Amino acid sequence: MARTYVIGAGLAGLSAAVSLARAGRVVTLCEASGQAGGRCRSYFDDRLGCAIDNGNHLLLTGNRSAMRYLEAIGAAEELVGPASACFPFLDLRTGERWRLRPNAGPLPWWILDPRRRVPGTRALEYLSGLRIARAGADRTVADCVGDHGSLFERFWEPLAVAALNSPVRTGAACLLWPVLRETFGKGEAACRPRIALTGLSGTFVDPALELLRRRGAAVRFGTRLRAIAGEGGAARGLDFGTEAVALKDGDSVVLALPPQVAASLVPDLAVPEESHAIVNAHFRLSERGGLPEDLPFLGLIGGTAQWLFVRGDVASITISAADGMVDEDADVIARKTWRDVAAALGCPPRPLPPYRVVKEKRATFAQTPAQVKRRPGTRGRFANVYLAGDWIDTGLPATIESAVRSGHMAARAIDGGVP
Ligand SMILES: Cc1cc2nc3c(=O)[nH]c(=O)nc-3n(C[C@H](O)[C@H](O)[C@H](O)COP(=O)(O)OP(=O)(O)OC[C@H]3O[C@@H](n4cnc5c(N)ncnc54)[C@H](O)[C@@H]3O)c2cc1C
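Residue numbers (this note's numbering): 1452 to 1870.
What follows is the structure, given as structure tokens:
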């Protein structure tokens, strides 16, 4: 029976493998490292004495591919969040706190209600969002919504930097619009925030691996693809260094790899070349909690940290588009960001609690207009090789939703019967 080799066990590879295995295909999943999950994983941290995620990940209920994937692997219940859409914020400079509360239905009347919108903004200002809808491929977010004022600082900037992991002055507006359309544009039911309270691996990764094993898929760690042997426009063999696999007629390959790795394996493949960093700092608190249980995250304005998440007795902050900070000492980053956490949670600013700083230098590709144009589609140069990854042209920013959707797109390209 024809076999599909899925190379790379990040969420794109897991999504492709799960879709194919559920459709009854024979799957081998090969991952270079000793763990699945790629940029979305948990691990036990010796210094903190507990499991942490490589970085905080926020989803919205409108991320329909991610939600379908979680249902398929039986992990939909692992995500937690408020019963209705609500985004709490704190301006660290003024101490002002507010909650952004989109309304039900597609007509956004929440912008007319001062108790639901951002304080210090007027309803008409929100119409600047329509310029994002109409933005051409060369426009940045700042080209559409400007780069100053309360609405910019308290709404567009936190939203765009989190979604695009790129500064607003360079981030591509055409990638922000699909996010708005698929979430805020559909009303509050599509923009309820969700987090993996028990951890990323337990939610997105381990249940997928269990499903694959139950369906008879082979899962191999420590298996790095080094070269693809091609002939007559098709891949004929996979070179894993210590082992070479000959591909039979009907076999296919999904490359669910980082862009630079895919480009080194597939001739003439143009991929996004620039990337941006994300920095996370995790602090072990002396006691649990600090934020309401149904809203365990907080947007921070005017500080160093951009988002704060609290899970049990671990408070974690995220800084996206963090290239200017990623080379600073972990100790300096921890001290700067703990000030923000302490102010937000009402903890004493000293002493600094035990911490871990996780720097992902290539967290996502730089989502600028020029780099977005370099995203390839699902098909590569070889007829039986398919591409997946958050960086391929899904029309979405490089997020979990894009990774999962790309894996599903590759699976459907291989087998049109994949649901
Ligand atoms: C800190 C951080 C915070 C984030 N926050 C959010 C968020 O809040 N919301 C959101 O939706 N998204 C977020 N993201 C983005 C999200 O994590 C990614 O979009 C997604 O995990 C990408 O999955 P992927 O499968 O495309 O790529 P990867 O996870 O990079 O997977 C590629 C896999 O290929 C493996 N590999 C590499 N080379 C080889 C080889 N030669 N042979 C075999 N295997 C190989 C790698 O080890 C890896 O496991 C965040 C990312 C980071 C880093």
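Positions of the beta carbon are idealized from the N, C-alpha and C atoms, including for glycine.
Since we're looking at a predicted model, the values are computed, not measured.
In this structure, residue 1831 has its CB at a distance of at least 6 Å from all heavy atoms of ligand 1. For residue 1505, the closest of 1767, 1607 and 1802 by C-alpha to C-alpha distance is 1767.
Counting only the Cα atoms, residue 1663 lies some 17 Å from residue 1452.
Excluding residues up to 5 positions away in sequence, 1761 and 1796 lie with their Cβ nearer than 6 Å to the Cβ of residue 1741 in the same chain.
Distance from the CA of residue 1491 to the CA of residue 1626, rounded to the nearest whole angstrom, comes to 21 Å. Uninterrupted beta strand (DSSP E) stretches at least 3 residues long and entirely within the stretch 1515-1545 occur at 1538-1542, given in chain order.
A Cβ-Cβ separation of about 5 Å places residue 1829 in contact with residue 1837 under the 8 Å criterion.
Residue range 1806-1816 is occupied by the beta strand (DSSP E) that includes residue 1811. Relative to ligand 1, residue 1512 has its C-beta separated by 6 Å or more from all heavy atoms. Residue state for residue 1603 is assigned as helix, using DSSP reduced to three classes. When DSSP states are grouped into helix, strand and coil, residue 1642 belongs to the coil group. Non-local beta-carbon contacts of residue 1572 in its own chain, meaning distances under 6 Å to residues more than five positions away in sequence, involve 1601 and 1602 in chain order. Burial is judged here by how many other beta carbons sit within 10 angstroms of a residue's own beta carbon; residue 1820 has at least 16 and is buried. In the three-state DSSP reduction, residue 1657 falls in the helix class (H, G or I).
At a cut-off of 6 Å, the beta-carbon of residue 1689 does not count as near ligand 1: no heavy atom of the ligand is closer than that. DSSP places residue 1851 in the helix class (H, G or I) of the three-state scheme. Comparing alpha-carbon positions, the option among 1559, 1527 and 1709 lying closest to residue 1656 turns out to be 1527.
The alpha carbon of residue 1842 has as its nearest neighbour, out of 1835, 1833, 1852 and 1834, the alpha carbon of 1852.
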